[in-house]
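Step one of this worksheet: look at the structure below.
2 protein chains.
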Amino acid sequence: MATIRDVARRAGVSIATVSRVVNEQPGIRPETRARVHDAIDELSFRPNAIGRSLKAGTSRVLGVMVPTLANPVFAEAVEGLQHEARKAGYGVMVTTSDYDADTERAAVETLMIGRVDALVLTVRDAADAATRAWLDAIDRPVVLIYNEPGSRPTVTVDNAAAGAAAAEMFVRLGHSRLAVVAGSLTGSDRSRARWLGFANALQAQGCPPPVKVEIPFHQTDLGQAIADLMAGDAPPTGLFCSNDLIAMRTMAALRELGLGVPGDVSVMGFDGIATCRLLHPSLSTVSQPSRTMGEAAATLVLKELAGGVAEPFTILPHRLVEGGSVGPPPRAAQRGPTTSPTERGVPST
Amino acid sequence: MATIRDVARRAGVSIATVSRVVNEQPGIRPETRARVHDAIDELSFRPNAIGRSLKAGTSRVLGVMVPTLANPVFAEAVEGLQHEARKAGYGVMVTTSDYDADTERAAVETLMIGRVDALVLTVRDAADAATRAWLDAIDRPVVLIYNEPGSRPTVTVDNAAAGAAAAEMFVRLGHSRLAVVAGSLTGSDRSRARWLGFANALQAQGCPPPVKVEIPFHQTDLGQAIADLMAGDAPPTGLFCSNDLIAMRTMAALRELGLGVPGDVSVMGFDGIATCRLLHPSLSTVSQPSRTMGEAAATLVLKELAGGVAEPFTILPHRLVEGGSVGPPPRAAQRGPTTSPTERGVPST
DNA sequence: CTGAAAGCGCTAACAG
DNA sequence: CTGTTAGCGCTTTCAG
Numbered sequence: 027m028a029t030i031r032d033v034a035r036r037a038g039v040s041i042a043t044v045s046r047v048v049n050e051q052p053g054i055r056p057e058t059r060a061r062v063h064d065a066i067d068e069l070s071f072r073p074n075a076i077g078r079s080l081k082a083g084t085s086r087v088l089g090v091m092v093p094t095l096a097n098p099v100f101a102e103a104v105e106g107l108q109h110e111a112r113k114a115g116y117g118v119m120v121t122t123s124d125y126d127a128d129t130e131r132a133a134v135e136t137l138m139i140g141r142v143d144a145l146v147l148t149v150r151d152a153a154d155a156a157t158r159a160w161l162d163a164i165d166r167p168v169v170l171i172y173n174e175p176g177s178r179p180t181v182t183v184d185n186a187a188a189g190a191a192a193a194e195m196f197v198r199l200g201h202s203r204l205a206v207v208a209g210s211l212t213g214s215d216r217s218r219a220r221w222l223g224f225a226n227a228l229q230a231q232g233c234p235p236p237v238k239v240e241i242p243f244h245q246t247d248l249g250q251a252i253a254d255l256m257a258g259d260a261p262p263t264g265l266f267c268s269n270d271l272i273a274m275r276t277m278a279a280l281r282e283l284g285l286g287v288p289g290d291v292s293v294m295g296f297d298g299i300a301t302c303r304l305l306h307p308s309l310s311t312v313s314q315p316s317r318t319m320g321e322a323a324a325t326l327v328l329k330e331l332a333g334g335v336a337e338p339f340t341i342l343p344h345r346l347v348e349g350g351s352v353g354p355p356p357r358a359a360q361r362g363p364t365t366s367p368t369e370r371g372v373p374s375t
Numbered sequence: 027m028a029t030i031r032d033v034a035r036r037a038g039v040s041i042a043t044v045s046r047v048v049n050e051q052p053g054i055r056p057e058t059r060a061r062v063h064d065a066i067d068e069l070s071f072r073p074n075a076i077g078r079s080l081k082a083g084t085s086r087v088l089g090v091m092v093p094t095l096a097n098p099v100f101a102e103a104v105e106g107l108q109h110e111a112r113k114a115g116y117g118v119m120v121t122t123s124d125y126d127a128d129t130e131r132a133a134v135e136t137l138m139i140g141r142v143d144a145l146v147l148t149v150r151d152a153a154d155a156a157t158r159a160w161l162d163a164i165d166r167p168v169v170l171i172y173n174e175p176g177s178r179p180t181v182t183v184d185n186a187a188a189g190a191a192a193a194e195m196f197v198r199l200g201h202s203r204l205a206v207v208a209g210s211l212t213g214s215d216r217s218r219a220r221w222l223g224f225a226n227a228l229q230a231q232g233c234p235p236p237v238k239v240e241i242p243f244h245q246t247d248l249g250q251a252i253a254d255l256m257a258g259d260a261p262p263t264g265l266f267c268s269n270d271l272i273a274m275r276t277m278a279a280l281r282e283l284g285l286g287v288p289g290d291v292s293v294m295g296f297d298g299i300a301t302c303r304l305l306h307p308s309l310s311t312v313s314q315p316s317r318t319m320g321e322a323a324a325t326l327v328l329k330e331l332a333g334g335v336a337e338p339f340t341i342l343p344h345r346l347v348e349g350g351s352v353g354p355p356p357r358a359a360q361r362g363p364t365t366s367p368t369e370r371g372v373p374s375t
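Protein chains in written order, with my numbering: chain W, 27 to 375; chain E, 27 to 375.
Laid out in structure tokens, this is it:
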């Protein structure tokens, strides 16, 4: 691999001149510039980013950590982030944490040793004391994404409001016995926020508190969990799932049990991943603008890197996507006479 | 940020000693080591990877390029690759090419300038002359993934055999009028290989050649394309899609048209992404071990980096997943009397 | 067992 | 307009 010195020798100039040509600085005689360019081409020289970084003290690399790339919601965000970073000439180093707190810490540590200039992270719980401790100790720009706003700039949606919106939709349709199926209600801040928003809205509407079902990460077969949930003489008529992947698996489990969606039970997801429209019935969900969130996180962190001050948080709009998986509760479960949801209309606030 | 010099001063030793302690080299008096460790902790010193890289001439970073992270098949591979890389102490820089040949070149160039030690790539077409030219010019270990084996070590499945297996399944069930719905039949080497395997197998069985339908990347609504395909008096009874995402969209389009799957038409995908099991009917597909492929690519490239010689190619096994989206053709379309597929059984070779 | 010093590839201040 | 030189943080001979 040719170095700047090789080029200088070949072109018969000093390394400073080569550096100037490479960095397109003014004040070089055109013919000198041409000679240098020739030498560069002949040796197919590419300036060594490491030498450059060492001098500059920056790497022009962003570090990104998400729980997993196997969930399209994160993959899409990384895709958007990557595009935005590339436009600005930044590379992106990616790691996954598998929703594990220890892995999170270690992974971020590795990214920092790798000298990324800034970080974009999704942590399990931005409010957790231990997490906050190491997060606050990071001496570089950090932007959280998907997490609940806390001590670091954050790009997210209003999870509590989104949870409430889901609850209101269920209530509007006549549901009152509801359950929440979540990946890790206790561990994940956003999951908790959605839960709280959901449960509070239900309470405000005079509904009994929802049942909680927790699904361990990596457990893909929800058959037993859903069977248990739906057993008994007053099973829930609506399920609010903490993400679309879980919602889709829940629907599959319900079908196994011979229960109709939304005939016997309505299912609602969260995230708005691309494939959820392709189900039949299509999945009703609270959609987050994942790609845009990734882009926004990149923009934010890049701005901070450029010396700007990042806004403490960016709340992007969520959107209630009404698919086919949510409908009125089965007749037997309705309390009092109700007309069809469309006839009832939306309450005027 | 503390440097090795700060630590040395604080511990009252030379920077060489600090370096030795950090790199756990033998021959340091225990008390000296302890003093250095204390200084390191007090200053929370982390060795600067850039300085280290400059000296060593390697970055301990792998560069990865895939067409898009929005297709879970690639996201999963990157996930696997990343895990494997981290185990070996390597970081992973990711880029996407959007299936565009120019972007591919530019993205790889950017990765190389970023001084990745080696590359793992999925290119549109590993057989394309222009692509081969720049690929062969890369002066670092390169492993291709998903591509057809060519001039560089490759981790993939036997796409032609997989296409043939799909064809044989269709024929076994009694289909003869088939179509291929592909993302970019002309541009993608693997898509082409699957097509050839599929078409050749059909010919061998005495079936007419399949119809081709090409779907531009980014076109997510296949309604019109599928409507056109299914118009006419002898529409295909089976559709072989070049990937699961397209297959899922195809199924959605068919449903819009009021056509039953597999009653009126059978649909088969390719990739085996997680969500395809969750459809109803579940998608029949040729499954690739994506995560394992990512891991294998990492292992291969890491081995080469360690001085080993990489195998020219690693063909991982594909698997025909029989879901609910494929069945016998509708009665009217069958040629000659046939019994149900299970009764007919599999031909004894 | 420890220290001094060279040098990885590059940029930028300073000289000419 | 161009060259000389110092130095970014680290590892690694070579001396002692």
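Each residue gets a CB set at the ideal place from its N, CA and C atoms; glycine is no exception.
When you compare only the Cα positions, how much space is there between arginine 59/E and isoleucine 139/W?
The sequence position of residue 59/E within the second sequence is 33, counting from 1. The sequence position of residue 139/W within the first sequence is 113, counting from 1. One C-alpha to the other measures close to 22 Å.
Starting from lysine 81/E, follow its DSSP beta bridges and name the residues at the other end.
Start at 1 with the first residue of the second sequence, and residue 81/E comes out as number 55. Paired residue(s): none; lysine 81/E is not in a bridge.
Glycine 232/W to proline 356/W span [Cα, whole Å]
By one-based count along the first sequence, residue 232/W stands at place 206. By one-based count along the first sequence, residue 356/W stands at place 330. Taking the straight line joining both Cα atoms gives about 20 Å.
Answer with buried or exposed for aspartate 247/E, where buried requires no fewer than 16 other C-beta atoms within 10 angstroms of its C-beta.
Working through the second sequence from its first residue, we reach residue 247/E at position 221. Exposed, by the Cβ-count rule.
How many Å lie between histidine 344/W and valine 183/E at the Cα?
The residue labelled residue 344/W in the question sits at position 318 within the first sequence. The residue labelled residue 183/E in the question sits at position 157 within the second sequence. Their Cα atoms are separated by approximately 40 Å.
Just to confirm, is the Cβ distance from proline 288/W to glycine 353/W under 7 Å?
The residue given as residue 288/W occupies position 262 in the first sequence. The residue given as residue 353/W occupies position 327 in the first sequence. Yes.
For the alpha helix (DSSP H) that contains valine 33/E, what are its first and last residues?
Against the second sequence, residue 33/E aligns to sequence position 7. 30-37 is the span of the alpha helix (DSSP H), which, as asked, contains valine 33/E.
Leucine 326/W to valine 90/W, Cα distance in whole Å?
Taking the first sequence and counting its residues from 1, the one referred to as residue 326/W is at position 300. Taking the first sequence and counting its residues from 1, the one referred to as residue 90/W is at position 64. In a straight line, the C-alpha of leucine 326/W is about 14 Å away from that of valine 90/W.
Exposed or buried, what is glutamate 330/W when buried is set at 16 or more other beta-carbons lying within 10 Å of its beta-carbon?
Within the first sequence, numbered from 1, the residue matching residue 330/W stands at position 304. So glutamate 330/W ends up on the buried side.
For histidine 306/E, decide whether its Cβ has a neighbour in chain W, counting only Cβ atoms nearer than 7 Å.
Position 280 of the second sequence, counting from 1, holds the residue named residue 306/E. True, the Cβ-Cβ gap to chain W drops below 7 Å.
Start-end ranges of the beta strand (DSSP E) lying completely within the region 294-332 of chain W, minimum 3 residues
310-313
Could you tell me whether the Cβ of glycine 140/W comes closer than 7 Å to any Cβ of chain E?
Here residue 140/W refers to the residue found at position 114 when the first sequence is read from its first residue. At least one chain E Cβ lies under 7 Å of glycine 140/W.
Does any C-beta atom of chain W lie closer than 7 Å to the C-beta of valine 104/E?
The residue labelled residue 104/E in the question sits at position 78 within the second sequence. At least one chain W Cβ lies under 7 Å of valine 104/E.
Ignoring anything shorter than 3 residues, give me the beta strand (DSSP E) runs that lie fully in the region 172-250 of chain E, in order along the chain.
180-183, 204-208, 237-240
CB contact flag (alanine 101/W, leucine 346/W, <7 Å):
As a working note, residue 101/W is residue 75 in the first sequence. As a working note, residue 346/W is residue 320 in the first sequence. In this structure, leucine 346/W does not lie closer than 7 Å to alanine 101/W by Cβ.
Counting contacts by CB-CB distance shorter than 7 Å, is valine 120/W in contact with chain E?
Stepping through the first sequence from its first residue, residue 120/W is reached at position 94. It does; some Cβ of chain E falls within 7 Å.
I'd like to know if threonine 182/W contacts chain E, where contact means its C-beta is closer than 7 Å to some C-beta of that chain.
Along the first sequence, one-based indexing puts residue 182/W at 156. For threonine 182/W, the answer is no, since every Cβ of chain E falls outside 7 Å of its Cβ.
Return the CA-CA distance between arginine 133/W and alanine 75/W, expressed in angstroms with no decimal places.
Along the first sequence, read from residue 1 onward, the residue named residue 133/W stands at position 107. Along the first sequence, read from residue 1 onward, the residue named residue 75/W stands at position 49. The question names arginine, yet the displayed sequence has alanine at residue 133/W. Approximately 23 Å, taken between the alpha carbons.
Cβ of threonine 276/E within 7 Å of Cβ of leucine 265/E?
For the purposes of this step, residue 276/E is taken as the residue at position 250 of the second sequence. For the purposes of this step, residue 265/E is taken as the residue at position 239 of the second sequence. In this structure, leucine 265/E lies closer than 7 Å to threonine 276/E by Cβ.
Which same chain residues end up closer than 8 Å to valine 87/E when comparing Cβ atoms and leaving out the 5 residues on each side of it in sequence?
In the second sequence, the residue the question calls residue 87/E occupies position 61. Closer than 8 Å at the Cβ level, and outside the excluded window around valine 87/E, lie Tyr116, Gly117, Val118, Met119, Gly140, Arg141, Val142, Asp143.
Is it the case that the Cβ atoms of alanine 227/E and glutamate 174/E are separated by a distance below 7 Å?
Position 201 of the second sequence, counted from the start, is the residue given in the question as residue 227/E. Position 148 of the second sequence, counted from the start, is the residue given in the question as residue 174/E. Result no, Cβ atoms of alanine 227/E and glutamate 174/E do not sit closer than 7 Å.
Is there at least one Cβ from chain E nearer than 7 Å to leucine 80/W's Cβ?
For the purposes of this step, residue 80/W is taken as the residue at position 54 of the first sequence. Taking Cβ atoms only, chain E reaches closer than 7 Å to leucine 80/W, which makes this a yes.
Using a cut-off of 8 Å between C-beta atoms, extract the partners of aspartate 165/W located in chain E.
The residue you call residue 165/W lines up with position 139 of the first sequence. The answer, in chain order, is Met27.
Using the beta-carbon of each residue, which ones in chain E are nearer than 8 Å to threonine 94/W?
Residue 94/W sits at position 68 when you count from the first residue of the first sequence. Within 8 Å Cβ-Cβ: Glu105.
Around the Cβ of isoleucine 341/E, are there at least 16 other Cβ atoms within 10 angstroms (buried) or fewer (exposed)?
Looking up residue 341/E in the second sequence gives position 315. The residue in question, isoleucine 341/E, is exposed, as its Cβ has fewer than 16 Cβ neighbours within 10 Å.
Could you tell me the distance, in whole angstroms, from the CA atom of glutamine 108/W to the CA atom of alanine 324/W?
Taking the first sequence and counting its residues from 1, the one referred to as residue 108/W is at position 82. Taking the first sequence and counting its residues from 1, the one referred to as residue 324/W is at position 298. Straight-line Cα distance between these residues: approximately 8 Å.
To the nearest angstrom, how far is the alpha carbon of valine 48/W from that of aspartate 64/W?
The residue labelled residue 48/W in the question sits at position 22 within the first sequence. The residue labelled residue 64/W in the question sits at position 38 within the first sequence. When rounded, the distance between both Cα atoms is 12 Å.
Taking the alpha carbon of threonine 129/E as the reference point, which residue from Pro52/E, Val104/E, Thr94/E, Asp32/E has its own alpha carbon closest?
Counting from one through the second sequence, the residue named residue 129/E turns up at place 103. Out of Pro52/E, Val104/E, Thr94/E, Asp32/E, Thr94/E has the C-alpha closest to the C-alpha of threonine 129/E.
Taking 6 Å as the line, does the beta carbon of leucine 271/W fall inside it for any heavy atom of the ligand SAM?
In the structure on display, the ligand SAM does not appear, and there are no ligands present to speak of.
Continuous beta strand (DSSP E) stretch holding methionine 91/E: start and end:
Locating residue 91/E in the second sequence gives position 65, where the first residue counts as 1. Segment 87-92, the beta strand (DSSP E) holding methionine 91/E.
Given a cut-off of 7 Å, decide if glycine 320/W and alanine 152/W are closer than it, judged by their beta-carbon atoms.
The sequence position of residue 152/W within the first sequence is 126, counting from 1. The sequence position of residue 320/W within the first sequence is 294, counting from 1. Their beta carbons are not under 7 Å apart, which means alanine 152/W does not touch glycine 320/W by this criterion.
In chain order, which continuous runs of the beta strand (DSSP E) of length 3 or greater are located wholly inside the region 95-120 of chain W?
none
So who's on the other strand from alanine 144/W, going by DSSP bridges?
Sequence index remark: in the first sequence, residue 144/W carries index 118 (1-based). DSSP output for alanine 144/W lists Leu88/W as bridge partner(s).
Taking 7 Å as the CB-CB limit, is arginine 31/E close to chain W?
Numbered from 1 along the second sequence, position 5 holds the residue referred to as residue 31/E. It does not: the Cβ of arginine 31/E has no partner Cβ on chain W nearer than 7 Å.
Best match in Gln51/W, Pro56/W, Ile66/W for proximity to glycine 32/W [C-alpha to C-alpha]:
What you label residue 32/W is simply residue 6 of the first sequence in a count that begins at 1. A small correction: the amino acid at residue 32/W is aspartate; glycine does not occupy that position in the sequence shown. Cα-wise, what sits closest to aspartate 32/W is Ile66/W.
Alpha-carbon to alpha-carbon, isoleucine 30/W and leucine 80/W
In the first sequence, counting from the first residue as 1, residue 80/W sits at position 54. In the first sequence, counting from the first residue as 1, residue 30/W sits at position 4. The alpha-carbon atoms of leucine 80/W and isoleucine 30/W are separated by roughly 15 Å.
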